[in-house]
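> Going line by line, the protein sequences match chains D and L. My numbering numbers the first residue of the first sequence as 20 and each following residue consecutively. My numbering numbers the first residue of the second sequence as 20 and each following residue consecutively. Every residue, glycine too, gets a C-beta built ideally from N, C-alpha and C.
2 protein chains.
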Amino acid sequence: MSGPARRVTIRDVAKHAGVSVATVSRALAGDYPVQPSTRRKVLRAVRELDYVPNAQARALSVASPGAVAIVVNSVNTAYYAYIAQGVEEQAAAEGRLSLICTTGGDPERELAFVQTMREQRAEAVILVGSVILDDDYLQRMTRYAHALAASGSRLVLCSRPPLGEGVPALTVGFDNTGGAHAITAHLLSAGHRRILYLGLRPGHTTSDTRVAGYRAALADHGIEHDPALETRCDFDRRSGYTAMKQRLADGPRDFTAVFAATDVIAAGAVQAIREHGLRIPDDISIVGYDDVPPAEDIGLTTVHLPHTELGRAAVRLALSSKDPLTEPPIMLGTHIVVRSSVKRLGSGR
Amino acid sequence: MSGPARRVTIRDVAKHAGVSVATVSRALAGDYPVQPSTRRKVLRAVRELDYVPNAQARALSVASPGAVAIVVNSVNTAYYAYIAQGVEEQAAAEGRLSLICTTGGDPERELAFVQTMREQRAEAVILVGSVILDDDYLQRMTRYAHALAASGSRLVLCSRPPLGEGVPALTVGFDNTGGAHAITAHLLSAGHRRILYLGLRPGHTTSDTRVAGYRAALADHGIEHDPALETRCDFDRRSGYTAMKQRLADGPRDFTAVFAATDVIAAGAVQAIREHGLRIPDDISIVGYDDVPPAEDIGLTTVHLPHTELGRAAVRLALSSKDPLTEPPIMLGTHIVVRSSVKRLGSGR
DNA sequence: ACTTGTCGAGTAACCGGTTACTACGCCATT
DNA sequence: AATGGCGTAGTAACCGGTTACTCGACAAGT
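Here it is, written out as structure tokens:
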């Protein structure tokens with residue numbers, strides 16, 4: 020109506036109420052004695068002008084809690100969404116705002132965001148999601164860690180390998196090897212001996228840790244792992260579908276069960292198995308990992324991960340006073356959820 | 020090591036480089052002629068001190084783009100996660116940070132967040148998700164709209180009824196009635212005449228608009244809608260399961276197809292149907308709405324919603340110069356995705 | 001009556017940047 | 001030699017808050 024309507028400042032309120040800016044600030048903060056009549060005048064002026072204090076300006080003069088930033092590949096992946104949910108909940112509970120950034124896996128965007136968070140004086144930066152573990156990655160993270168530490172932000176790695184002592188970064192993760200061991204043992208104790216591992220991706224941390232658990236469980240049962248039973252496959256539905264399709268078409272079926280590295284892979288594999296005319300669990304047993312939505316819908320036995328709790332733990336840790344140089348990684352436990360995708364072999368039934 | 024390590028400011032850099040703060044600022048901004056040799060000195064000091072400018076301080080003196088805030092019930096619901104993804108992508112593309120808030124449906128938290136966003140000088144606040152449309156709601160939103168407008172933020176409602184002209188709020192939504200009409204027509208043209216609508220929730224905007232499309236399609240085919248075929252049900256998996264279970268147990272099955280108000284409801288219903296010993300689509304046809312992950316896994320024919328595009332559109336609209344007082348609601352189109360949950364009745368096959 | 005203490009409010013410095021304005025040095029004119 | 005113009009760099013005001021310090025008025029103490 021009347022031009023760009025410059026924002027209402029504390030000086031406007033002071034003038035309107037006929038007091039000094041200091042008095043307005045004090046009346047609003049309430050931490051300093053102000054005459055009740057004066058306070059009323061101030062509050063009235065605040066109401067009449069609809070004054071809203073500028074948080075940025077306040078942050079300049081007084082140390083206020085910074086934001087919590089979370090960086091994920093994408094929000095529309097259940098795995099990340101659950102973790103993000105936990106982060107947001109805990110951040111809110113501790114009076115922090117949550118900033119979110121999706122990178123689509125692009126290190127450039129990750130770097131840019133970390134830099135932005137330094138400028139924003141974020142209190143914590145939480146990087147989520149598995150990665151290809153190589154020198155480039157380690158160097159990049161180490162750089163982030165020091166840079167963020169230097170500007171007073173704390174770095175938390177979620178579901179990623181720790182950087183080791185001496186690097187100021189906190190780590191929270193799932194016990195992937197333990198979970199993979201447990202679910203493999205579950206298949207073994209159901210009588211399965213030839214178990215196809217679907218989701219090999221050498222260098223990829225999540226895959227590596229899960230396949231390690233798989234092999235360890237086999238070893239514990241005196242079975243040597245067969246490289247021919249470890250199939251490469253990316254971590255998405257289509258890849259699971261394609262890889263399974265291929266495997267079924269390739270020749271004689273030399274396995275009775277499938278351990279898919281993730282539920283999403285499992286979902287694709289299930290579709291391929293069904294299209295091949297086979298039934299689950301009668302013809303093939305299958306298990307997944309993660310316990311994200313598709314699992315329940317396809318009756319998949321899988322490993323449940325406390326995603327949301329991971330997010331919360333990350334924030335708690337970041338806002339704690341633990342020394343990031345020496346604090347050991349937190350590892351969250353997992354448990355098996357039994358549904359209807361595994362058939363008991365041999366003895367009866 | 021050496022105490023709390025006060026943050027490096029532009030004055031420290033100036034001193035270190037032996038120039039004035041103005042020169043440092045200008046050398047970094049690059050919008051003012053600075054002697055190359057001087058610039059080098061400055062950049063060297065910046066590097067040596069690892070100086071990071073304070074974005075909050077800068078925002079005080081120069082008008083910088085504000086953040087985009089998104090408010091959802093929860094991030095770990097596919098519907099919201101997809102929209103949030105779109106919001107984040109578009110915000111990042113337009114150089115804005117994304118703030119996220121989950122309310123768990125609590126109006127208190129919503130209000131608190133809106134207030135915080137005013138203090139933060141957010142550029143846009145995007146409220147997502149269906150609601151119970153009543154006076155309380157309308158008043159609350161109208162208050163938000165004026166409050167945000169007064170402090171220079173723009174309010175966008177996503178998937179919510181518009182507040183009408185005269186209230187400064189932008190609206191983006193899906194054509195729910197159109198989509199529901201189309202999918203109902205799909206069932207009708209497959210020969211179904213008795214279609215159970217699962218997900219009645221009077222007052223709930225999403226439900227209301229979808230049921231309206233359902234009824235309209237029936238009417239177009241000269242069928243009067245039967246209240247006995249409209250079943251109440253909350254918008255979650257368990258409710259879908261329970262409602263369907265109940266319905267199947269209740270008595271003679273007087274429908275050949277089910278239109279679930281959401282895919283999540285459909286997923287629960289599918290489980291109930293299967294547990295009842297019936298097969299899909301042979302015994303019962305079913306369709307859903309939303310096209311979120313469970314749909315593909317259970318082979319559900321459903322209505323695809325451009326979720327991510329909704330998020331992007333919301334941000335674009337918010338950052339545009341459109342007048343929120345008069346700009347009409349944007350309505351995004353939908354389309355049917357045919358999978359394998361509908362059987363053609365009567366004529367052949 | 002004079003000192004002292006307390007209460008409430010104002011003045012001004014400060015947070016960490018940006019930038020309008022000023023000042024200085026040097027070269028080209030006249 | 002005096003003047004004007006240009007290119008750099010410095011000074012200080014400003015953004016919008018908070019708060020240390022100061023000050024005046026009034027009540028209590030001796």
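Could one say the Cβ of L/Asp316 lies closer than 8 Å to chain D's Cβ atoms, at least one of them?
Taking the first residue of the second sequence as position 1, residue 316 of chain L is located at position 297. Output row for L/Asp316: interface = yes.
> Could you work out which residue in L/Gly352, L/Gly365, L/Glu346, L/Gly318 is closest to L/Ser359 when comparing CA atoms only?
On the second sequence, position 340 is the one that residue 359 of chain L refers to. The candidate whose alpha carbon is nearest that of L/Ser359 is L/Gly318.
> Looking at the strands, I want to know which residues DSSP matches up with D/Ser117.
Within the first sequence, residue 117 of chain D is the residue found at index 98, counting from 1. Paired residues: D/Val87, L/Ile119.
> Closest Cβ-Cβ distance between D/Arg368 and chain L: below 8 Å?
Against the first sequence, residue 368 of chain D aligns to sequence position 349. With a pLDDT of only 40 at D/Arg368, under the threshold of 50, the placement of this residue in the model should not be trusted; the figure read from the coordinates follows. Closer than 8 Å: no.
> Does at least one heavy atom of the ligand GDP sit under 7 Å from the Cβ of L/Ser172?
Summarising the ligand content, the structure contains no ligands, and the ligand GDP is consequently not present.
> Where does the unbroken alpha helix (DSSP H) through L/Ala143 begin, and where does it stop?
To locate residue 143 of chain L, count along the second sequence from 1; it is residue 124. Here L/Ala143 belongs to no alpha helix (DSSP H); instead the beta strand (DSSP E) covers 143-147.
> Are D/Ala88 and D/Leu189 close, meaning C-beta to C-beta below 8 Å?
Residue mapping note: residue 88 of chain D aligns to position 69 of the first sequence, counting from 1. Residue mapping note: residue 189 of chain D aligns to position 170 of the first sequence, counting from 1. It is not a contact, given that the beta carbons lie outside the stated cut-off.
> Does L/Asn92 come within less than 8 Å of chain D when only Cβ atoms are used?
Along the second sequence, one-based indexing puts residue 92 of chain L at 73. It does not; no Cβ of chain D falls within 8 Å.
> Rounded to whole angstroms, what is the Cα-Cα separation between D/Met20 and D/Arg63?
Position 1 of the first sequence holds residue 20 of chain D. Position 44 of the first sequence holds residue 63 of chain D. At D/Met20 the pLDDT is 41, less than 50, meaning the model places this residue with poor confidence; the figure from the coordinates comes in the next sentence. Cα-Cα distance, rounded: 24 Å.
> Any Cβ of chain D within less than 8 Å of the Cβ of L/Glu107?
If you number the second sequence from 1, residue 107 of chain L lands on position 88. Yes, contact with chain D.
> L/Val311: which of D/Asp310, D/Asp316, D/Gly307 sits nearest, CA to CA?
In the second sequence, the residue the question calls residue 311 of chain L occupies position 292. Checking every option, the nearest Cα to that of L/Val311 belongs to D/Asp316.
> With DSSP as the reference, label L/Gly192 as helix, strand or coil.
On the second sequence, residue 192 of chain L is found 173 positions in, with the first residue counted as 1. Strand.
> Near D/Ala76, what residues of its chain come up, given a Cβ to Cβ distance below 7 Å and the 5 sequence neighbours on each side ignored?
To locate residue 76 of chain D, count along the first sequence from 1; it is residue 57. Same-chain partners within the cutoff: there are none.
> Look at D/Leu217 and D/Gly259 and say whether their C-beta atoms are less than 8 Å apart.
In the first sequence, counting from the first residue as 1, residue 217 of chain D sits at position 198. In the first sequence, counting from the first residue as 1, residue 259 of chain D sits at position 240. Closer than 8 Å, so yes.
> Determine the burial state of D/Gln109: buried for a count of at least 16 other Cβ atoms within 10 Å of its Cβ, exposed for fewer.
The residue labelled residue 109 of chain D in the question sits at position 90 within the first sequence. D/Gln109 is buried by the Cβ-count criterion.
> Could you compute how far the alpha carbon of L/Val38 sits from the alpha carbon of D/Ala131?
Here residue 38 of chain L refers to the residue found at position 19 when the second sequence is read from its first residue. Here residue 131 of chain D refers to the residue found at position 112 when the first sequence is read from its first residue. Straight-line Cα distance between these residues: approximately 29 Å.
> Candidates D/His165, D/Glu107, D/Ser83: which alpha carbon is nearest D/Leu344's?
Residue mapping note: residue 344 of chain D aligns to position 325 of the first sequence, counting from 1. Looking at the Cα atoms, D/His165 is the closest of the given residues.
> What's the C-alpha gap between L/Asp204 and L/Ile299?
The residue labelled residue 204 of chain L in the question sits at position 185 within the second sequence. The residue labelled residue 299 of chain L in the question sits at position 280 within the second sequence. Sequence check: residue 204 of chain L is Ala here, not Asp. Distance between the alpha carbons of L/Ala204 and L/Ile299 is about 19 Å.
> With a threshold of 8 Å between beta-carbons, can L/Gly22 be considered close to chain D, or not?
Stepping through the second sequence from its first residue, residue 22 of chain L is reached at position 3. At L/Gly22, the pLDDT of 43 sits below 50, so the modelled position is not reliable and the matter cannot be decided from this model.
> Can you give me the C-alpha to C-alpha distance between L/Ala41 and L/Pro52, rounded to a whole angstrom?
The sequence position of residue 41 of chain L within the second sequence is 22, counting from 1. The sequence position of residue 52 of chain L within the second sequence is 33, counting from 1. L/Ala41 and L/Pro52: Cα-Cα distance of roughly 12 Å.
> In chain L, what lies closer than 7 Å to D/Ile119 by C-beta?
In the first sequence, residue 119 of chain D corresponds to position 100, counting from 1. Near D/Ile119 (Cβ distances below 7 Å), the residues of chain L are Glu107, Ser117, Ile119.
> Would you call the region 107-126 of chain D in contact with the region 109-129 of chain L, where contact means no fewer than 3 C-beta pairs closer than 8 Å?
yes
> Mind pulling the chain D residues with CB within less than 9 Å of L/Ser170?
For this step, residue 170 of chain L is matched to residue 151 along the second sequence. The answer, in chain order, is Arg26, Val27, Asp69, Val71.
> Please give me, in chain order, every unbroken run of the alpha helix (DSSP H) with length at least 4 that falls completely inside the region 190-248 of chain D.
195-208, 224-239
> How would you call L/Pro313, buried or exposed, if buried means at least 16 neighbouring beta carbons within 10 angstroms?
To locate residue 313 of chain L, count along the second sequence from 1; it is residue 294. L/Pro313 counts as buried, since at least 16 other C-beta atoms from the protein chains shown sit within 10 angstroms of its C-beta.
> Helix, strand or coil for D/His35, going by three-state DSSP, please let me know.
The residue labelled residue 35 of chain D in the question sits at position 16 within the first sequence. Here D/His35 sits in helix by DSSP.
> Tell me, please, whether the region 327-342 of chain D touches the region 286-300 of chain D by the rule of three or more beta-carbon pairs shorter than 8 Å.
no
> So with CB distances below 7 Å, who are the chain D contacts of L/Ala76?
Working through the second sequence from its first residue, we reach residue 76 of chain L at position 57. In chain order: Leu79.
> Can you look up L/Ile303 in the DSSP assignment and give me helix, strand or coil?
To locate residue 303 of chain L, count along the second sequence from 1; it is residue 284. When secondary structure is reduced to three states using DSSP, L/Ile303 falls in the coil class, being assigned neither helix nor strand.
> Using 10 angstroms around the beta-carbon of L/Pro187, count the other beta-carbons present and answer buried if the total reaches 16, otherwise exposed.
Position 168 of the second sequence, counting from 1, holds the residue named residue 187 of chain L. Buried is the call here.
> Give me the DSSP bridge partner(s) of L/Phe278.
Numbered from 1 along the second sequence, position 259 holds the residue referred to as residue 278 of chain L. Beta-bridge pairing links L/Phe278 to L/Tyr216, L/Val306.
> Three or more C-beta pairs under 8 Å: does that hold for the region 254-274 of chain L against the region 213-230 of chain L?
yes
> Restricting to Cα atoms, I'd like to know which of L/Tyr233, L/Val175, L/Thr281 is closest to L/Glu249.
What you label residue 249 of chain L is simply residue 230 of the second sequence in a count that begins at 1. Nearest of L/Tyr233, L/Val175, L/Thr281 to L/Glu249, Cα basis: L/Tyr233.
> What whole-angstrom Cβ distance do L/Thr320 and L/Val357 have, given they're in contact under 8 Å?
Residue 320 of chain L sits at position 301 when you count from the first residue of the second sequence. Residue 357 of chain L sits at position 338 when you count from the first residue of the second sequence. About 5 Å separates the two Cβ atoms, so the contact holds.
> Would you mind giving the Cβ-Cβ distance between L/Val289 and L/Gly198, rounded to the nearest angstrom? I have them listed as a contact below 8 Å.
By 1-based counting over the second sequence, the position of residue 289 of chain L is 270. By 1-based counting over the second sequence, the position of residue 198 of chain L is 179. L/Val289 to L/Gly198, Cβ: 20 Å. No contact.
> Is the CB-CB distance between L/Thr353 and L/Tyr101 below 8 Å?
For the purposes of this step, residue 353 of chain L is taken as the residue at position 334 of the second sequence. For the purposes of this step, residue 101 of chain L is taken as the residue at position 82 of the second sequence. Taking 8 Å as the cut-off, the beta carbon of L/Thr353 is found no closer than this to the beta carbon of L/Tyr101.
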